[in-house]
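The structure under discussion appears below in the form of structure tokens.
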Amino acid sequence: MARLTSFASTFVLLLSMLSIQLARAREVAYIYGTDSKGVTRQLDAARTPALFTRDFGDCLGGESLFNITRFDAAYYEDNSTVLFHLDGTSNIKKESLMMYIVFEAYGQRRFEMVFDPCSVNIYSLCPLNASVPVAGWAIFQVGKEQVGSIPPIAFQIPDFEGYIKLQIFANSSQTEIGCFQALASNGKSVGHTTAIAPVLGVFTVIAILASFATAAYGVSIPHMRSHFAHSMSVLLVFETFQSIFFSGALTVNFPSILVAWWSNFAWSAGQIYSSTIVNSVSSFVGVSGNATQVGGAGSTVINNGGGLVSQIYGRALAMETLASNLMRRADYNASDPYDYTWAGRPIAPGLPLPGDWTGLPGTLSYSGIPAADALIVGLIWLLVATGLVIVCTIAFKWLLEAFIRIKWAREDRLTYFRSHYLSYTGLAVLRTLFIAFFMIMVLSIYQFTLHGSTGATAIAAVAFIIFLGGVGGLVTYACYFRLRFGKYAVEPDRILFTHGKIFKGIPFLVPIRSSRLGDAELPTRPAGSLPFIRIHFIDNDPDRVTVHQDSAYIKRFGWLSSRYRRTKWWFFAWYIPAQTFRAAFIGGAATSPLAQVYGLFVYDILIFVAIVMVNPFEGRRNTALGVWMLSISKVATTGLSIAFLPEFNLDRIIATVLGVIIIVIQGFLVIALLILILLGVMSSYMSLTRNREEFKPEGLEGVRVKFFESMQARGPDTRKPLWEKSEKKKGKEKELEESELQVPKEPYFSVTAVRRAPKIEDEDGDVVADMEAPHNNSVIFDPNKIINRASRTNSISSRYSTHSLPRGARCPFNYPTESDKTKVAD
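Here you go:
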């Protein structure tokens, strides 16, 4: 007990000492400040400002005569002050300076000021000396007339768009010797790569597992293919995420909120930041520089400042006025340079200037990846993903074998997969490369436009040839393998336009090829026609099984064709060139913004129309996503991106509004995708339990039956033309009437007549007589008399209740005659 008491005392003592240390470490210093409205309040000295800078870079392209390790600026709304902090070095022996700081938000200058560093006690710059490190600190007191143009919403809207620029001029030559620009932020953003990206990744893994389960479960290959076709397509999942991310590859000046949003999907294109990988790749592709500082500390001056020099040295801004707006500060304490935690860092070499969100470099800069590194970084992560696919597939096989050996699973569990796991592994790798095709095409073609190092260009060429030649060759061979026993024929055809309606009421001309009519006739006379041709395949064996019943073909190329309809099994051969041309617009036309954006917009519209007409997917969820939602999102995003072209010089606030609209469109697409993934998991669960008589939860048994019926109905792919569907809707009542008259083909019986047999109760002849009311002798019941039942108020049964009488007494009709009684007595 004594030991326990001693231990408790020691624990309390240690806890007290720790709390004292924390109290000292977290000691809060308060100051008093007055905002622009004249309200004075007590403020925390370590508070986060309303606007502050993040990462910074050299806006002279690395030619500044300084090496800057720290450039911070902030605006405190609660006391109307602007903070400025600069650390670094210079090789200039001696020079007096003038400094110009400007704050730009949403394309407009909101604040600017010229000051002499000597007037604010920045002694390391008064004058500048190569032997003295640069350590500048200043606080500017600003008024409402200087910052009143900053809209209040700027402090609340996510991903504030603006920057703070500091320019340094030499008095002796009146030229610009330094320029540094830092991104401004209010601390709010829609880019949460550590939160949103993992959630999307988890849903993607769920879709992969659900799809794999339907492909591995079963014995009959055609049956397995049918269930696999109705699971969620992993290709469409990645295509959705990649299309959202590569929306930022267009060479236009996007608003910052869009770039932040797209960073959540960078992982789907292999753009995952790792300092080790990025630094190694940067050194290989020739991106050099010091990531701990910006500037060149060179020996030549490349900019004289233009009209700004005359403004500064022509005394357009009175120095006396500027000096009065500056708050003198005590000597900077160099031993404590980290007074706050919101400071930014120098940008990594190869990244664009902070605040420049143009094209793919701007989109990648949010993730910290230089555009020159994008292809190799993507290839590295693709190899990692491929390795994980191989390891997970083989590990699952042997884990299943272990479960069977220890009796945790039945002997017949996933028999086909266990005996063909190597084939599954190989096909899974091919499917992974097929999914990565668009990503590699975009990045490799974009690498060609950069004209980077020889090594990077060579890798881009190899990747382009392997993917285009390899995947294209497999696609070509898959088509040849199915079509090698037959030939194509070209015959004349016509497109007929018949009258119909869309959206249940809008008159519309429905096109139908005459070759599809066969022996059928149009319901109305065609409104017109156009000459056309028909290209069709003639199989040498008319009795050959269809592609979805051909087990040999499914084993080899089911990873390409299984999700498509029976008559559109070849859609993968259309998909590859379509994605290649789209990648060429995005990556190859990066140097021609007008051709890139307008060309891609027209191309997306054409692809949308084509895919709607083809309607390739067998599963309804894949059709909803791949045919409609994804295509509409591409067209809308590209169309709205036209407004961001430099030629239009769109107001940045309006550009931000358009960016929010794009985020809403793509956000709904992502939400719909996540819902479809969950529905796909449920349908995959139904597929895996298709051999069970009992299904849980029982409330979904009806949904399960409908799912199987729908899957069976969509399998043969015998769809009627649109005009037949419209006619069916028009004659719905007529079809219902005819169906009632038709004799069912199943066993049935019908009742044509009913004959009543005598019963013992019929002997009670006086029962009915007792039913007659004694006070109403005028009412006489005659069995042979037809009673008018038109009015129930005048009937006997409406006046007297018979519910308590025997059944025989409740039958007023067909009373037995005397002869019937004699027969019963006999």
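FYI, the numbering for the sequence shown is -25 to -1, 1 to 801, going by mature numbering (1 follows the signal peptide of the UniProt record, and there is no 0).
Note that the Cβ used here is the ideal one computed from N, Cα and C, for glycine as well.
Distance check for residue j and residue i, CA to CA, integer angstroms please.
| i | j | result |
| --- | --- | --- |
| Glu386 | Tyr660 | 21 angstroms |
| Gly63 | Gly111 | 9 angstroms |
| Gln116 | Asn104 | 28 angstroms |
| Arg84 | Val77 | 7 angstroms |
| Val465 | Phe507 | 10 angstroms |
| Ala393 | Lys372 | The identity of residue 393 in the sequence shown is Arg, whereas the question assumes Ala. When rounded, the distance between both Cα atoms is 6 angstroms. |
| Ile606 | Ala453 | Going by the sequence as given, residue 606 is Ser instead of Ile. If you take the alpha carbons of Ser606 and Ala453, they lie about 26 angstroms apart. |
| Phe216 | Ser243 | 6 angstroms |
| Ser299 | Val95 | Per-residue confidence for Ser299 stands at a pLDDT of 43, beneath the threshold of 50, marking its modelled position as unreliable; no derived number is given. |
| Thr499 | His474 | 7 angstroms |
| Ala293 | Tyr75 | Here Ala293 scores only 39 on pLDDT, less than 50, and its place in the model should not be relied on; the value that follows carries that caveat. Those two C-alpha atoms are separated by around 13 angstroms. |
| Ala527 | Gly690 | 18 angstroms |
| Ser39 | Phe546 | 55 angstroms |
| Pro482 | Cys34 | 60 angstroms |
| Ile415 | Ser490 | 41 angstroms |
| Leu357 | Thr316 | 36 angstroms |
| Leu425 | Ala565 | 9 angstroms |
| Ala611 | Val584 | 14 angstroms |
| Lys12 | Tyr5 | 20 angstroms |
| Thr189 | Leu663 | 7 angstroms |
| Ala377 | Val364 | 20 angstroms |
| Ala553 | Ala145 | 56 angstroms |
Report the CB separation of residue i from residue j in whole angstroms; it is logged as a contact under 8 angstroms.
| i | j | result |
| --- | --- | --- |
| Val262 | Gly430 | Wrong, their Cβ atoms sit about 12 angstroms apart, outside the cutoff. |
| Gly330 | Leu158 | 5 angstroms |
| Tyr399 | Thr368 | 6 angstroms |
| Leu8 | Asp53 | In the sequence under discussion, the amino acid at residue 8 is Gly, which differs from the Leu named in the question. 6 angstroms between Cβ atoms; contact. |
| Gly334 | Ala224 | 7 angstroms |
If you run the structure through DSSP and keep just helix, strand and coil, what is residue i?
| i | result |
| --- | --- |
| Trp112 | strand |
| Val77 | strand |
| Val256 | helix |
| Arg16 | strand |
| Tyr138 | strand |
| Ile196 | helix |
| Lys62 | The displayed chain sequence assigns Asp, not Lys, to residue 62. Three-state DSSP puts Asp62 in a strand. |
| Cys34 | coil |
| Tyr315 | coil |
| Ser218 | helix |
| Cys101 | coil |
| Val117 | coil |
| Glu87 | strand |
| Pro486 | strand |
| Lys462 | strand |
| Pro126 | coil |
| His202 | helix |
| Ala564 | coil |
| Thr768 | Confidence is the limiting factor: at Thr768 the pLDDT is only 47, short of 50, which leaves the residue's position unreliable and the question unanswerable from this model. |
| Pro621 | helix |
| Ala157 | strand |
Is the Cβ-Cβ distance between residue i and residue j less than 8 angstroms?
| i | j | result |
| --- | --- | --- |
| Tyr421 | Ser342 | no |
| Gly319 | Pro345 | no |
| Gly427 | Ala347 | yes |
| Pro133 | Val165 | yes |
| Leu100 | Val89 | no |
| Tyr81 | Arg627 | yes |
| Ile646 | Ile181 | no |
| Arg557 | Leu505 | no |
| Ser340 | Pro321 | no |
| Trp237 | Ser222 | yes |
| Val446 | Phe423 | no |
| Leu574 | Asn515 | Note on residue identity: the sequence assigns Gly, not Leu, to residue 574. No, the Cβ-Cβ distance between Gly574 and Asn515 is not below 8 angstroms. |
| Val253 | Val352 | yes |
| Ile551 | Val450 | yes |
| Ala349 | Leu418 | yes |
With hydrogens ignored, establish whether the beta-carbon of residue i is closer than 7 angstroms to any heavy atom of the ligand GDP.
| i | result |
| --- | --- |
| Tyr138 | The ligand GDP is not part of this structure, which contains no ligands at all. |
Give a yes or no on whether the minimum CB-CB distance between residue i and chain C is below 8 angstroms.
| i | result |
| --- | --- |
| Pro327 | Here there is only one protein chain, and chain C is not present. |
#### Entry: contact_flag[the segment 616 to 635, the segment 585 to 603] where n(CB pairs < 8 angstroms) is 3 or more
no
### Query
Below 8 angstroms, can you find three or more Cβ-Cβ pairs linking the segment 452 to 461 to the segment 369 to 385?
Counting C-beta pairs with one atom in each stretch, the segment 452 to 461 and the segment 369 to 385 have fewer than three that are closer than 8 angstroms, which means they do not touch.
### Query
Does the segment 205 to 220 come close enough to the segment 121 to 141 to have 3 or more Cβ pairs within less than 8 angstroms?
no
### Query
Within the chosen definition, does the segment 531 to 542 reach the segment 571 to 586 through at least 3 CB pairs nearer than 8 angstroms?
no
### Query
Is the segment 16 to 25 close to the segment 142 to 154, with three or more CB pairs under 8 angstroms?
No, they do not touch.
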